[in-house]
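Take a look at the structure below.
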Amino acid sequence: MPQQRLSFAQWSQRRGSSISGDLLEFSSQQSDDLDVSQKSKCLSSRPRTVSTTSSTKPRTSWVFSHMPDEEVETRYYNQRTGKEEWRCKHCDKTYASSGGTAAPAKHLMDPPPDGHGLPKGAPRTAKVTTIRTIIEQARVAAEENPRKRRRLNDQSGDSIEPDQLEALYVRFITVCSLPFRLVECPEFRALLAYINNDIETWLPDTHDTVKTWIMRQYECQKERVKQRIQSAKSRIHISCDLWTSPNSLAILGVVSHYVTEDCQLEHHVLALKDIDSEHDGSHLAVAILKVVDEWGFASKLGYFVMDNAGNNDTMMRSLSLGLLRRYDIQYDPKVHRLRCQGHIINLAAKAFLFVTDNEKLELDDPGVHNVTLKHIVAWRKKGPLGKIHNFVVFIQRSVQRSQKFLTISHNRKLARDNDTRWSSWYNMLRVALNLRDAIDGYFNKWMELDCAGDELSSEDWIILEKIKSFLEKLKMTTKALESSFATLDNVLLAMDFVLAQFEAGKEAYIDDPIMAPMYNSGWAKLDKYYRLTDESPAYVAAIVLHPSHKWHYIQENWKKEWVESSKKLMETLWNDYKPLANAGIAPKEIRSYWRTTSDTLATQQDIYNCIARGKRDLAKGQSNIHALADQLNSEGFWSEIRLDEGGRVTAVLFAHPQSLEYLKLYPEVLLLDCTYKTNKYKMPLLDIVGIAACQRSFCIAFAFLSGEEENDFIWALERLRHMYELHGVAIPSVILTDRCLACINAISSSSCFPEPALLLCLWHINKAVLTHCMPVFTRHKGSPKGQEEWKQFYDLWHEIVASPTEDIYNERLEKWKKHYLPMHVEEVGYILETWLDPHKQRFVKAWVHQHLHFEQFVTSRAEGIHQLIKSHLKHSQVDLFEAWRIIKLVLSNQLSELKANQAKQQITTPLDISGVLYGNIRGWISHEALRKVDGQRARLLKEIPACTGVFAKTLSLPCAHNLQPLLAQGLPLQLYHFHSHWHLQRSGTPQLIVEPRKLFDRLAANSTLPSSSTQREPSAFEAIEKASQPRALPKCSRCHNYGHKMTSKACSLRYEDLLEPPPPITTTTHTVTHTATRSVTRSLSPSSPSGASVISEIVAYTTTHMTTHTTTHMVSPPTAKSAAITTPCVPVLQPDDPRAIFQRYKEAREAWYATLPQGP
1 MPQQRLSFAQ
11 WSQRRGSSIS
21 GDLLEFSSQQ
31 SDDLDVSQKS
41 KCLSSRPRTV
51 STTSSTKPRT
61 SWVFSHMPDE
71 EVETRYYNQR
81 TGKEEWRCKH
91 CDKTYASSGG
101 TAAPAKHLMD
111 PPPDGHGLPK
121 GAPRTAKVTT
131 IRTIIEQARV
141 AAEENPRKRR
151 RLNDQSGDSI
161 EPDQLEALYV
171 RFITVCSLPF
181 RLVECPEFRA
191 LLAYINNDIE
201 TWLPDTHDTV
211 KTWIMRQYEC
221 QKERVKQRIQ
231 SAKSRIHISC
241 DLWTSPNSLA
251 ILGVVSHYVT
261 EDCQLEHHVL
271 ALKDIDSEHD
281 GSHLAVAILK
291 VVDEWGFASK
301 LGYFVMDNAG
311 NNDTMMRSLS
321 LGLLRRYDIQ
331 YDPKVHRLRC
341 QGHIINLAAK
351 AFLFVTDNEK
361 LELDDPGVHN
371 VTLKHIVAWR
381 KKGPLGKIHN
391 FVVFIQRSVQ
401 RSQKFLTISH
411 NRKLARDNDT
421 RWSSWYNMLR
431 VALNLRDAID
441 GYFNKWMELD
451 CAGDELSSED
461 WIILEKIKSF
471 LEKLKMTTKA
481 LESSFATLDN
491 VLLAMDFVLA
501 QFEAGKEAYI
511 DDPIMAPMYN
521 SGWAKLDKYY
531 RLTDESPAYV
541 AAIVLHPSHK
551 WHYIQENWKK
561 EWVESSKKLM
571 ETLWNDYKPL
581 ANAGIAPKEI
591 RSYWRTTSDT
601 LATQQDIYNC
611 IARGKRDLAK
621 GQSNIHALAD
631 QLNSEGFWSE
641 IRLDEGGRVT
651 AVLFAHPQSL
661 EYLKLYPEVL
671 LLDCTYKTNK
681 YKMPLLDIVG
691 IAACQRSFCI
701 AFAFLSGEEE
711 NDFIWALERL
721 RHMYELHGVA
731 IPSVILTDRC
741 LACINAISSS
751 SCFPEPALLL
761 CLWHINKAVL
771 THCMPVFTRH
781 KGSPKGQEEW
791 KQFYDLWHEI
801 VASPTEDIYN
811 ERLEKWKKHY
821 LPMHVEEVGY
831 ILETWLDPHK
841 QRFVKAWVHQ
851 HLHFEQFVTS
861 RAEGIHQLIK
871 SHLKHSQVDL
881 FEAWRIIKLV
891 LSNQLSELKA
901 NQAKQQITTP
911 LDISGVLYGN
921 IRGWISHEAL
931 RKVDGQRARL
941 LKEIPACTGV
951 FAKTLSLPCA
961 HNLQPLLAQG
971 LPLQLYHFHS
981 HWHLQRSGTP
991 QLIVEPRKLF
1001 DRLAANSTLP
1011 SSSTQREPSA
1021 FEAIEKASQP
1031 RALPKCSRCH
1041 NYGHKMTSKA
1051 CSLRYEDLLE
1061 PPPPITTTTH
1071 TVTHTATRSV
1081 TRSLSPSSPS
1091 GASVISEIVA
1101 YTTTHMTTHT
1111 TTHMVSPPTA
1121 KSAAITTPCV
1131 PVLQPDDPRA
1141 IFQRYKEARE
1151 AWYATLPQGP
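Following UniProt numbering, the numbering of the sequence shown begins with 1 at its first residue and continues without gaps.
The structure is reproduced here in C-alpha cells:
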C-alpha cells in the first residue's frame, strides 16, 4: 500500500512556542491567512479552490479522486506561477493540469518508490485483474473448506464449482450490502440463468440459506484471521468507537492492527458489539474483554486508540483491572491509552469557532449539551458565522427557496454544518465563499423578512474568509492523520504544526476583538491534549524509531528537560518489550591499526594476532561465507547473494549505507569497471563508482561475479536497479564503461537501465588504438619520419573524436580516409570496424555532448580505486569475507575524505572566486563548479561567439551568455542556476550576506588627508581655532600700511624711487646692555591629609649681555603728502558664534594657567 508522507514543519520548540521558520501551508494556492483583510478586497480575482462558473468542464478522470480534497472539483494553483496543478494526496508530487492526466495516472499506477501501485480507476484491464483476484481468492477458500452438497434439480451443474459459488455470492451480498431475499427475486435468477443455466442447480432458493452461507463463510474466515493474530510478530493494537446505527442500535466497533508473521501490516474488524446496557466505562470494558477472550490475544494486547470521551478513560481502568484478575497481566491504562487525533483537532476547531474553554462540547450529558447549544445560537445571531448558518438553513428548509437559489448559483448547492461531521463548518464556508455572488444576489433579488437580518456585509465576508483559511489547515491536517496510511510518528509533528498556526494567529490578531479570542480558545484546547501525550511513551517511540527522525528531531526541537523526560519514557517502553526482543550482542568492529608507534611495545605479530582474533570474533564460529552474510546484514550493508541449485554462492553484491546516502545526492553518473586477482576464487570484482559535487569519486557498490559473461552483468545490473528503486534513487543520466562487450550488451539488451546514455571510456579506446596502430608507423626504431607520421595520424584521430557536430565529423573522417587509404588500410579498417561504425555515438563529442555527463569520459577513477584496494589486499589468495573487510576499510577512508572535503569547501572560498556574482552561493556550490563558471565569466572580456549550448547541456552550469545579463544588472547567481549534482551536502537555503554599510564621516568629508591615511584628524576645537584665526592682513614694506603689498597699485609710494635721487647713506652704532633676571619656583605638595607642607625654592640669577648693533638708515626727505596709516578691520563676533565661544574658552584657559605656580 502507498505510504502517505506528511510535510509538517519542524518547529523550534514544542507545545506551539515561538516559531523560527515560515509557517507551512498545505495548499500553495492559498496564501497566509494572517492578512486576509487586504486580500478579501479582490476575492473575485484570486485563484478559487472550486470553480463557480458554469462554463468549467466537470472533471471525470479517476486521478482527481486522489487529490488531498475529497471534492474532485477542487482547484489547486502553483504559488509561484499561478497555474493550475494536480496534487497527489499520498505524497508531495505535483503535475501541471495543462499537461493532461496521463502523468498523474502513471504516477499513481507506478510501483513504489516512484509511484503508489494503485489500480487505475476505470480501465477494463484493471477491472479484469480485480475480478480474477476475487475469483482466485474464492477458489482458495473453497479448496480449504470443501463441503458436501446436494443438487437442487436434475441438471448436472458441472460447469459451476458450488463451494466457489458460495464464497463469491457471500462476498457479493456483503460487500454490496444487498438484501438476503435478492436470491428469491425471479428477475435476478433469470439473469443468472441466462449467463449459465447450471446456476439453478446450486443457487439457494430462500434467504435463510443465504444467511447460513454467510455465517459459514464468516466462521471460516474468522478461524484464518485468528491464526494470523495469534502468530503475529507484534502486539495486537485496538481501535474502537461507539456510535448509533441508523436502526437506533448502540454499536461498539473493534478493529485490530498488527504485523503478521510474514511482516505485513494488517487490519481486521473483530467485532460489532450491540451495547444494550449503559454506556459507561465498566460495561464497555466487559465487551472488550469478551472480544479479547474470543480471539485469544490477552497476553499480546497492545495500545488502544479512542476518542476523548471520559467513559473511555474509565473503560481502560476497568480493562486493566479485568486483565489483572483474569490473566494476572499488568496493564497500565494511561500508557496504553492513545487518543484519536481527528477528534482532538475537531475539538480544537469547535473551540476556535465557538470560543469555549470547557469540555461541554464533548460530554454526553444532554442537559449540558443543550445549554451549550443555546450559547452557540446566541453567539451565531450576532456574528457572520450565525448569519451564514441561518441563511443556509433558511434556503434548505424550503423547496421553493432552494430552486430559486439554484437558478442564481448555476445549479450549485449550499453545504450545511453538522455537529457530528468533521470539517463540516469548513465545507460550508468554502462553498459559501465560492457562491458569494449568488448569496448576495439572492438578498438583492428576493429579500424576505425571515432572513433579512442575516444579510452579510463586506466585513462579514472578510471574517468568514479568515476563518475558512484557518479551518482549511485543520482539515488538511485531519486528512493527513486518518485512514490506514497515517502512522503514529506524525501525531506530535502535526500537533506542533497546528499549535504553531494558533500561535501565529494569536500574535497576528492580538488586537482583533473577534479573531483573538477564537485563536486563544483553540490554542488552549489543543495544548491541553498535547500535554496528555506525555502519559504514553508510544508517541515519542514512534518518532525515535522512525529512520528519518530518531532522536535528532526531539533534541533539536524540544527543550532539554523534555528530552530527558522522553528518554525516561523510552526506557520504560524498552523494559516492557525487552523480554520479547531477540537481543543479541553485536560483534565488535575490528580495530584499525595504522602503524606501530614509538611509545608502544607491541610487535607486528601482535597486531596480526589481534586482527586474526577480531576476525574470529566476527565470524562467531561460522564459515567465512556465512560470516560475510551475517556481517553485511548486521552492519547495515545493502546486499544480494546469488546461489546455484546446490546452494553454492555464485555472486555477491553489496553497498555501504553511507555510499547509498551519497548516491541519493549524486546519482547522475555511473562508472562500471572490472578488476581481477582480488580473491582466491578468481571471481572478477565489478566496481560501481559515482561522482560527487567536488568531482571526487565514491564507490556505490561492489559485486563479486562468477565470470564476465553477459548473464553475470545482467544479474548485477538487475540487483543494482532494484537497489535504486528500493532507496528512491534517481536514474543516472549516463553510464560509462570500458569496451567490455558482455557489459555493453548487458546494458543495451536488458531493461535494467534503458534510460541513461551508454558512453565508452576514451582512455581505453586510445590505448587500443595505440596498441594496434602505432607499431606500424614506428616499426623502424630511430626513424624520425615514422614518428612524425604517427603523430600526424594520432592527431587526426583525436580531431575526429573531438568533432563538435556530425557534419564536421563526416568532413574530418573523409579527409582522414582520403589521406591514409590505401597505404594504411588495415589501421583505418580497424578503427572504422571496431570503434567508429558501431560505437561512435558513445565517445565522439558530436554525440556525447548531447548528454549530461559532467565531463566524465574515462574510467580511470575506477582504476585508481582498484589499485588502492589491491594495495591493502597484499595478495590475491583471500576469501570473500577477508576481501570484504579490506574493501570496507577502503570505503570508510574514502567516505571520510569525501565528507571532510565537502566540509572544507563549505567554509573556505578560493581567492580567485570573488565578487558579487558568487556572493549568494559560496559554501553551497562546489569549488570545481565555481571555477568552471568563472572561466565562462572570463570569456566575457573578449568577444564571444554565438552560444552552442554545449557547456550548459553537458555540465548544467550557466555559460557566458547566461552570465552576461546578471553581470550587467549586478545580480548574483542563485542555487537554481546550478544542477543538484554541483550542490554541496548541507541543509537549508542560502542567504545573501551583505557587507556592513560604510558610515558617513563628517570630519573626513572636509579632510585634506588621503582616504587611506591613518593620521588623526584635528578635533572640533582645533578646527574652530584654525577657522577663528584668519590670516593677518599684508603690510606694505614701502608705506608701512596694512592691506596691500609694495607692488600693489594701492601703495602711494610705489613710484617714489623713480622721481627722486637716492638719499645719502648714514651709519649709526648703538650699544645696548641687556640684564635678565630669572626666577624658578618649585612647589611640592605631599599627599598627606593635612596637605600643609609646601616647599618653595626660588632661584634667581642675573645675566648681562653687551650687544653692539650697526644699523644703516636711508634717510628720505619728507613727502608732500603723508600716507594715512590704516588698521585692519576686526569683525565683531556674536556671543553664540563658535569662534567667540572658543575665544572665551582660550581666555579662561590662559587665565587658569596664570594662576598656577610657575615651574623652573
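Each residue gets a CB set at the ideal place from its N, CA and C atoms; glycine is no exception.
Identify every residue that forms a DSSP beta bridge with residue i.
i, result
"Ala-141", "For Ala-141, which the question treats as bridged, DSSP gives no partner whatsoever."
"Met-306", "Arg-339"
"Trp-86", "Tyr-95"
"Lys-1035", "Tyr-1042"
"Asp-241", "Gly-253"
"Ile-439", "Looking at the DSSP assignment, Ile-439 forms no beta bridge with any residue, so it has no partner."
"Glu-266", "Tyr-258"
"Trp-982", "Paired residue(s): none; Trp-982 is not in a bridge."
"Leu-301", "Ile-236"
"Asp-274", "Ile-251"
"Trp-638", "Ala-655"
Assuming contact is defined by CB atoms lying nearer than 8 angstroms, are residue i and residue j in contact in what I supplied?
i, j, result
"Arg-87", "Met-67", "yes"
"Leu-653", "Ser-639", "yes"
"Leu-758", "Ile-744", "yes"
"Val-732", "Val-669", "Strictly speaking, residue 732 in this sequence is Pro, with Val absent from that position. In contact: Pro-732 and Val-669 (Cβ atoms closer than 8 angstroms)."
"Val-858", "Leu-762", "yes"
"Ser-423", "Lys-475", "yes"
"Gly-253", "Cys-263", "no"
"Arg-842", "Val-689", "no"
"Arg-1016", "Arg-1038", "no"
With distances taken Cα to Cα, identify the nearest neighbour of residue i among the options.
i, options, result
"Glu-943", "Arg-931, Gln-867, Ala-960", "Ala-960"
"Asp-328", "Phe-352, Val-335, Ser-299, Ala-351", "Ser-299"
"Asp-114", "Leu-973, Gly-728, Cys-694", "Gly-728"
"Ala-651", "Cys-694, Ala-627, Phe-713", "Phe-713"
"Ile-251", "Pro-838, Gly-1043, Lys-273", "Lys-273"
"Tyr-442", "Phe-394, Met-428, Arg-421", "Phe-394"
"Asn-196", "His-927, Phe-304, Ile-160", "Ile-160"
Give me the Cα-Cα distance between residue i and residue j, rounded to the nearest whole angstrom.
i, j, result
"Val-140", "Leu-852", "52 angstroms"
"Ala-348", "Arg-337", "20 angstroms"
"Gln-29", "Arg-189", "Interpretation of Gln-29 is limited by its pLDDT of 35, a score under 50 that renders its predicted location unreliable; no figure is taken from the coordinates."
"Lys-226", "Glu-166", "22 angstroms"
"Phe-704", "Val-491", "45 angstroms"
"Trp-835", "Arg-779", "24 angstroms"
"Gln-137", "Asp-198", "22 angstroms"
"Ser-459", "Glu-465", "Position check: residue 459 holds Glu in this sequence, whereas Ser was assumed. So the alpha carbons of these two residues sit roughly 10 angstroms apart."
"Val-291", "Arg-339", "21 angstroms"
"Trp-202", "Tyr-169", "11 angstroms"
"Glu-1150", "Leu-1156", "10 angstroms"
"Gln-856", "Leu-628", "34 angstroms"
"Val-734", "Ala-802", "19 angstroms"
"Ser-177", "Ile-135", "19 angstroms"
"Ser-409", "Asp-69", "22 angstroms"
"Leu-898", "Gly-522", "49 angstroms"
"Asn-520", "Glu-482", "26 angstroms"
Does residue i have its Cβ less than 8 angstroms from a Cβ in chain C?
i, result
"His-798", "Any reference to chain C falls outside this structure, which holds one protein chain only."
Ordered list of alpha helix (DSSP H) runs contained in the UniProt domain "MULE transposase" (669-767), each at least 4 residues: Within the UniProt domain "MULE transposase" (669-767), the complete alpha helix (DSSP H) runs of at least 4 residues are 710-726, 741-749.
Length at least 3, wholly inside the stretch 161-202: the beta strand (DSSP E) runs in chain order: Within the stretch 161-202, not a single complete beta strand (DSSP E) segment reaches 3 residues in length.
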